[in-house]
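Shown next, in structure tokens, is the structure this report addresses.
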Amino acid sequence: MLIKGRIFDIQSFSLHDGPGCRTTIFMSGCPLKCRWCANPESWRSNNIMFSEGTCKYRSGCNICKNSCTRGGLKFDENNRPILNFEICKECSDFNCANACYYDALKYCSREYSIEGLMKILQRDSNNWRGNGGVTFSGGEPLMQNEFLIEVLKRCKEKKFHTAIETSAYQDTDIFNEVMQYVDFAFIDIKHMNRKRHKEKTGVCNDIIKENIVNLAKLQWDGRLVLRIPMIGGFNDNIENIHETIDFMHCNDLVEINLLPFHRLGESKWNQLGNKYEYSTCGDIDKALLNKFQDMFLEEEIACYIGDDTLGI
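Numbering (this note's numbering), first residue to last: 99 to 410.
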């Protein structure tokens, strides 16, 4: 059977997704539903986004008007498209996006064959200059494990350096199989408390912790950096940092990356017809971040803040 994958973006010349200059593959699908997510279009493989600012309805364009056969696309008195996103979620043909010349209506992902993706990576490998590689991100790349494993195998055959950005939320057997082809991993752990983790991500953190623990026991020979997206009022407290330090010590983990909260994904939430809960959430205080960093450093854990990952 021909395995294909769903990808919503490919970024060449990425500098903060692992060592060196990299090509980052953003894979569709995610079991977590983080309320601050910067890539909510990744949650499902069949999302439609509508950008009113890009739409030319004010200039009289109505090319999409008769494209929808499901009743999900209507127009107000000013010719402005109004989407019923509940209907759109059940769509599989996306005639409206295919009709739009301006990408105001946009299908969020594309299907790729393994061969097609490898051609892109082979082309980009000329830009890596011997110290870069490919990073699989998302979404959650582990959700497309069959496609991911086959691409990783091809990458190893080509001697490409491989990295993954993951929540580690997947069956342990699948997680371990993927990781044997990975050289470098960023693993997110949003909160150490299982109840608090579920409140804002929709899932408990049990399997995430279990996979990290098992990976340490397997003496995986890759490099692991834990990540915490620092969200105000959620995980930016001393107790959570202490619990993270204890967890890392128990599993001989020595590197962590603290990612300050940002609102770069807010417009995407709006384009998907969803409410963004963090529109009024302030930035994390730099002094507090520096305090957390010092706490890790005092425990002999390397700690990087944001894109300041020169050690990586």
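Glycine residues also receive a C-beta, built at the ideal position from the N, C-alpha and C atoms. In this text the structure is predicted, and so the values were computed from the model without any measurement.
{"Check": "Where does the unbroken beta strand (DSSP E) through residue 260 begin, and where does it stop?", "Outcome": "260-264"}
{"Check": "Could you pull the start and end residues of the alpha helix (DSSP H) that residue 271 belongs to?", "Outcome": "270-277"}
{"Check": "Return helix, strand or coil for residue 110, following the three-state DSSP convention.", "Outcome": "strand"}
{"Check": "Pull up the CB-CB distance for residue 343 and residue 394, whole angstroms please, since I reckon it's below 8 Å.", "Outcome": "7 Å"}
{"Check": "Taking all protein chains shown into account, do 16 or more other C-beta atoms lie within 10 angstroms of the C-beta of residue 111, making it buried, or fewer, making it exposed?", "Outcome": "exposed"}
{"Check": "I'd like to check one pair, residue 126 with residue 214: are the Cβ atoms closer than 9 Å?", "Outcome": "no"}
{"Check": "Between 350, 390, 332, 308, which lies nearest to residue 323 when the distance is taken from Cα to Cα?", "Outcome": "350"}
{"Check": "Is the beta carbon of residue 285 less than 9 Å from the beta carbon of residue 264?", "Outcome": "yes"}
{"Check": "Do residue 227 and residue 118 count as a contact pair if the criterion is CB distance below 9 Å?", "Outcome": "yes"}
{"Check": "Indicate whether the contact test is met: 3 or more Cβ pairs, each with one atom in the region 157-177 and one in the region 186-206, closer than 8 Å.", "Outcome": "yes"}
{"Check": "Note down, one range per segment and in chain order, each alpha helix (DSSP H) of at least 4 residues found wholly within the region 304-369.", "Outcome": "304-315, 336-348, 364-369"}
{"Check": "Which of the three DSSP states is assigned to residue 74 in this structure?", "Outcome": "Nothing about residue 74 can be read from this structure; the chain reaches only from 99 to 410."}
{"Check": "Residues in its own chain within less than 7 Å of residue 306 by CB, not counting five upstream and five downstream?", "Outcome": "265, 266, 267, 287"}
{"Check": "Using a 10 Å radius around the Cβ and a threshold of 16 neighbouring Cβ atoms, would you call residue 269 buried or exposed?", "Outcome": "exposed"}
{"Check": "Judging by CA-CA distance, which residue of 230, 225, 108, 132 is the nearest neighbour of residue 122?", "Outcome": "108"}
{"Check": "What are the residues that DSSP puts in a beta bridge with residue 105?", "Outcome": "125, 208"}
{"Check": "Residue 192 by DSSP, collapsed to three states: which one?", "Outcome": "coil"}
{"Check": "Check residue 402 in the structure and name its three-state DSSP category.", "Outcome": "strand"}
{"Check": "Under DSSP, the beta strand (DSSP E) around residue 290 begins and ends at which residues?", "Outcome": "It is not in any beta strand (DSSP E) - residue 290 carries neither H nor E in the DSSP assignment."}
{"Check": "Would you check if the distance between the CB atom of residue 209 and the CB atom of residue 102 is smaller than 9 Å?", "Outcome": "yes"}
{"Check": "Look at the Cβ atom of residue 281, then the Cβ atom of residue 321, and state whether they are nearer than 9 Å.", "Outcome": "yes"}
{"Check": "Evaluate residue 178 with the Cβ neighbour count: other Cβ atoms within 10 Å of its Cβ, from every protein chain shown; 16 or more gives buried, anything less gives exposed.", "Outcome": "exposed"}
{"Check": "Residue range of the beta strand (DSSP E) that residue 172 falls in?", "Outcome": "171-173"}
{"Check": "So residue 202 and residue 152 are supposed to be a Cβ contact under 8 Å. How far apart are they, rounded?", "Outcome": "4 Å"}
{"Check": "Pick from 314, 370, 366, 392: whose alpha carbon is nearest that of residue 347?", "Outcome": "314"}
{"Check": "Would the beta-carbon of residue 338 fall within 9 Å of that of residue 401?", "Outcome": "no"}
{"Check": "Got a sec, what are the start and stop residues for the beta strand (DSSP E) residue 147 sits in?", "Outcome": "146-148"}
{"Check": "With residue 249 as the anchor, note down where its alpha helix (DSSP H) starts and where it stops.", "Outcome": "243-255"}
{"Check": "List the whole-angstrom C-beta distance separating residue 371 from residue 181, where the pair is believed to meet the contact cut-off of C-beta under 8 Å.", "Outcome": "6 Å"}
{"Check": "Applying the criterion that 16 or more other CB atoms from any shown protein chain within 10 Å of the CB defines a buried residue, is residue 261 buried or exposed?", "Outcome": "buried"}
{"Check": "Answer with buried or exposed for residue 299, where buried requires no fewer than 16 other C-beta atoms within 10 angstroms of its C-beta.", "Outcome": "buried"}
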